[in-house]
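**Q** Numbering (the numbering used here), first residue to last: 55 to 490.
For each residue, glycine too, the CB sits at the ideal point set by N, CA and C.
Below, the structure is given as structure tokens:
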């Protein structure tokens with residue numbers, strides 16, 4: 055094939071596809087381009103100058119309290135890993151139930167996503183965060199009160215500034231009823247809230263939500279990582295108890311490929327900006343009047359969790375990894391993936407509703423393939439491993455709690471990662487851009 059660094063085979067194939075169809079490409083998943091990420095950071099384990107903890111005898115805490123700034127009933131989770139918002143509609147009811155089961159077994163929270171609260175998810179979730187999105191699909195005051203926290207979504211890492219899509223083949227009678235939509239018709243979610251245009255209006259909206267829920271529930275504000283420093287400051291000024299920052303490695307059920315790959319900033323670059331904003335406001339990691347930071351976008355391992363916490367997050371949220379744990383792209387359905395023109399490990403057309411694993415579909419015969427009990431067990435196992443891995447690293451750095459990890463425990467392997475994460479390049483004391 056005739057190709058170059060600029061016109062490589064992927065670029066050529068996309069030009070040919072666009073010329074053939076006349077429409078932009080839509081897919082799920084997140085950014086696939088190489089980006090500076092947690093793999094570009096290393097921990098400095100303890101030896102002589104630092105004292106490690108003995109893993110079998112000395113405890114290392116993992117619990118986190120979220121939302122104590124204003125809420126009467128903050129959420130106390132046992133591990134610093136939560137389940138990100140993924141909607142019923144994008145996911146099957148069985149998948150939502152499985153997420154609730156797995157998270158509850160490990161004492162952490164799930165999040166509803168767009169489209170409202172299902173009985174399956176509420177019934178199986180010990181802690182359930184209700185997302186309040188621009189679309190208002192499925193929103194009602196009763197469910198706000200039934201939730202344990204409310205997350206106002208201003209943006210998503212895969213598509214900051216853009217709305218989501220739910221194609222008609224996934225809008226069955228139940229989804230249509232919950233979202234007050236016509237059955238079988240493509241739906242595009244709004245990219246901004248209809249009743250406010252800026253931070254002053256957000257302050258009023260947060261006040262309204264507190265009054266609806268009798269000041270009981272923590273209020274989260276979620277932003278897609280772009281102008282993170284300013285967005286976090288504005289969210290805190292508006293009254294947020296928790297800020298969620300979603301980097302561009304975060305997944306999506308469906309949006310334009312050009313959006314996923316070209317809008318937003320990497321998670322690694324977003325965390326220090328968010329922490330700086332919280333520190334300047336005097337609300338980062340303080341016992342009273344503190345605002346917690348949850349980071350999402352590309353979390354895969356306990357090392358990723360530990361690195362996010364070391365950079366200043368209080369907890370992380372996972373979405374794509376949770377679906378993989380449930381059985382996404384499972385090789386047992388290889389023949390079905392091949393029939394769709396794909397293969398296990400390659401399928402990302404979640405918008406089509408034909409997911410052989412039964413996770414991102416509304417087809418009853420496919421959804422029945424996912425056993426919520428088994429899926430929940432798999433997710434709990436995965437969360438357990440993430441937590442133990444993060445504890446192992448924290449102990450090696452001499453920390454009695456995973457949230458005691460700090461930037462001083464990290465070095466970077468590349469100049470780009472060092473500059474973004476604001477930690478020294480390995481073997482030096484140099485932080486690019488800091489003047490130090």
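Would you mind stating whether residue 243 and residue 189 have Cβ atoms separated by less than 8 Å?
**A** For residue 243 and residue 189, yes; Cβs fall inside 8 Å.
**Q** Decide if the stretch 464–482 is in contact with the stretch 105–114; the criterion is three or more beta carbon pairs, one per stretch, under 8 Å apart.
**A** As far as the Cβ criterion goes, the stretch 464–482 does not touch the stretch 105–114, which means the pair count is below three.
**Q** Whose CA, out of 429, 124, 99, lies closest to the CA of residue 29?
**A** Nothing can be reported for residue 29, as the shown portion of the chain is limited to 55 through 490.
**Q** How many angstroms separate the CA atom of residue 85 from the CA atom of residue 462?
**A** Going from the Cα of residue 85 to the Cα of residue 462 covers about 29 Å.
**Q** Starting from the Cα of residue 131, find the closest Cα among 268, 210, 203 and give me that residue.
**A** Checking every option, the nearest Cα to that of residue 131 belongs to 203.
**Q** Identify, in the order they occur along the chain, each residue of the same chain with its Cβ nearer than 7 Å to the Cβ of residue 330, setting aside the five sequence neighbours on each side.
**A** Around residue 330: 283.
**Q** At which residue ranges does the stretch 169–231 contain complete alpha helix (DSSP H) runs of 4 or more residues, listed in the order of the chain?
**A** Those alpha helix (DSSP H) runs which fall completely within the stretch 169–231 and span 4+ residues are 173–178, 195–200.
**Q** Restricting to Cα atoms, I'd like to know which of 155, 285, 292, 154 is closest to residue 264.
**A** Per the Cα distances, 292.
**Q** Which complete alpha helix (DSSP H) runs does the stretch 264–300 hold, if anything under 4 residues is left out?
**A** You should have 282–292.
**Q** On the CB-based measure, 16 or more other CB atoms within 10 Å of its CB, does residue 301 come out buried or exposed?
**A** Buried: at least 16 other Cβ atoms inside 10 Å.
**Q** Applying the criterion that 16 or more other CB atoms from any shown protein chain within 10 Å of the CB defines a buried residue, is residue 316 buried or exposed?
**A** Under this definition residue 316 is an exposed residue.
**Q** Within 10 angstroms of its Cβ, does residue 343 collect 16 or more other Cβ (buried), or is it exposed?
**A** Residue 343 is exposed by the Cβ-count criterion.
**Q** DSSP state of residue 96, grouped into three classes?
**A** It is a strand residue.
**Q** Within the continuous alpha helix (DSSP H) that includes residue 419, where are the two ends?
**A** Residues 418–421.
**Q** Specify the secondary structure class of residue 369 as computed by DSSP and reduced to three states.
**A** Here residue 369 sits in strand by DSSP.
**Q** Can you tell me whether residue 175 is buried or exposed, with buried defined as 16 or more other CB within 10 angstroms of its CB?
**A** Buried is the call here.
**Q** Just how far apart, CA to CA, sit residue 159 and residue 459?
**A** Rounded to whole angstroms, residue 159 to residue 459 spans 25 Å at the Cα level.
**Q** Mind listing, in chain order, the continuous beta strand (DSSP E) runs of no fewer than 3 residues lying wholly within the stretch 56–123?
**A** List check, beta strand (DSSP E) in window: 80–83, 95–97, 118–120.
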